[in-house]
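>
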Amino acid sequence: MDSHPSHDVWEKMRTQLLPFFGDGLQLVIPTSWSALYEAWFKDIEVESFRESLRYSTEELETRLDKAEVLLLFLVANERPEGVILGYPIDREHGMVFYLDTFATRTRGKGIGRIMLNSLIQWARINGFQTIQLDTEDVNEVGLPLKHFYENFGFVVQRLEDDGNITMSLTL
Numbered sequence: 002m003d004s005h006p007s008h009d010v011w012e013k014m015r016t017q018l019l020p021f022f023g024d025g026l027q028l029v030i031p032t033s034w035s036a037l038y039e040a041w042f043k044d045i046e047v048e049s050f051r052e053s054l055r056y057s058t059e060e061l062e063t064r065l066d067k068a069e070v071l072l073l074f075l076v077a078n079e080r081p082e083g084v085i086l087g088y089p090i091d092r093e094h095g096m097v098f099y100l101d102t103f104a105t106r107t108r109g110k111g112i113g114r115i116m117l118n119s120l121i122q123w124a125r126i127n128g129f130q131t132i133q134l135d136t137e138d139v140n141e142v143g144l145p146l147k148h149f150y151e152n153f154g155f156v157v158q159r160l161e162d163d164g165n166i167t168m169s170l171t172l
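Residue 2 is where the sequence shown starts when you use the working numbering, and the numbers rise one by one after that.
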């Protein structure tokens with residue numbers, strides 16, 4: 002990776018994650034879409050999201066067509082272990098990064114915390130004023146998602162009748 006501050010954030014994240022995964026750890030930031038990346042994404046989705054929240058190939062391609070999309074895979078020994086998918090969205094009050102998909106396969110060890118802290122640093126470096134996401138209070142396997150994001154300073158912006166929660170973090 003070159004010495005651009007954005008790449009430094011990801012390299013620091015990789016270094017922090019090495020103790021969990023060893024030397025087989027890679028960060029993959031695709032510059033174009035491929036069947037391999039789709040397989041990785043769907044592999045993580047199956048373990049992380051109930052079927053109603055998973056994307057079809059067409060839905061995924063629509064998100065990847067957005068300008069300045071960030072797609073990052075955490076890969077250990079050729080197995081996808083985490084994913085970040087997000088993109089800028091137009092908002093009246095400055096640059097907003099929408100965190101569309103965030104998932105880690107290994108839970109309870111601090112991997113998600115390291116990844117999200119790195120994303121927050123990356124968003125600041127890239128001039129975003131806010132990170133926004135949609136989540137739920139507790140997912141179907143009992144993970145307290147709302148609480149997880151609140152620990153980073155995210156606040157609830159909107160709570161919908163279906164349980165969907167829109168949260169944001171001012172950077």
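A virtual CB, placed ideally from N, CA and C, is assigned to each residue, including glycine.
Skipping 5 residues on each side, what residues in its chain have a beta carbon closer than 7 Å to that of V139?
Cβ neighbours of V139 beyond the five flanking positions: P145 and L146.
> Using CA atoms only, rank isn't needed, just tell me which of F129, E82, L28 and T136 is closest to F98.
F129
> Counting C-beta neighbours from all protein chains within 10 Å, is the total for S53 16 or more, i.e. buried, or is it exposed?
exposed
> I believe E39 touches T58 by the beta-carbon criterion, under 8 Å. Please report the beta-carbon distance rounded to the nearest angstrom.
7 Å
> Which class does G25 belong to by DSSP, given the choice of helix, strand or coil?
The answer is helix: DSSP assigns G25 an H, G or I state.
> Contact check, F179 vs I112 under 8 Å by CB: the rounded distance?
It is not possible to answer for residue 179, since the shown part of the chain is limited to 2 through 172.
> Apart from the five residues on each side of it in sequence, which residues of its chain come closer than 6 Å, Cβ to Cβ, to Q133?
V97, Y99 and S169
> Considering A104, what are the terminal residues of the beta strand (DSSP E) in which it resides?
V97 to T105
> I'd like the list of long-range same chain contacts for G154, defined as Cβ closer than 6 Å, with 5 residues on each side in sequence excluded.
L170
> Taking just the CA atoms, how far does Q27 sit from I121?
20 Å
> With a 10 Å radius around its C-beta and 16 neighbouring C-beta atoms as the bar for buried, classify I85 as buried or exposed.
buried
> Taking DSSP as the reference, what is the three-state secondary structure of Y38?
Note: Y38 maps to helix in three-state DSSP.
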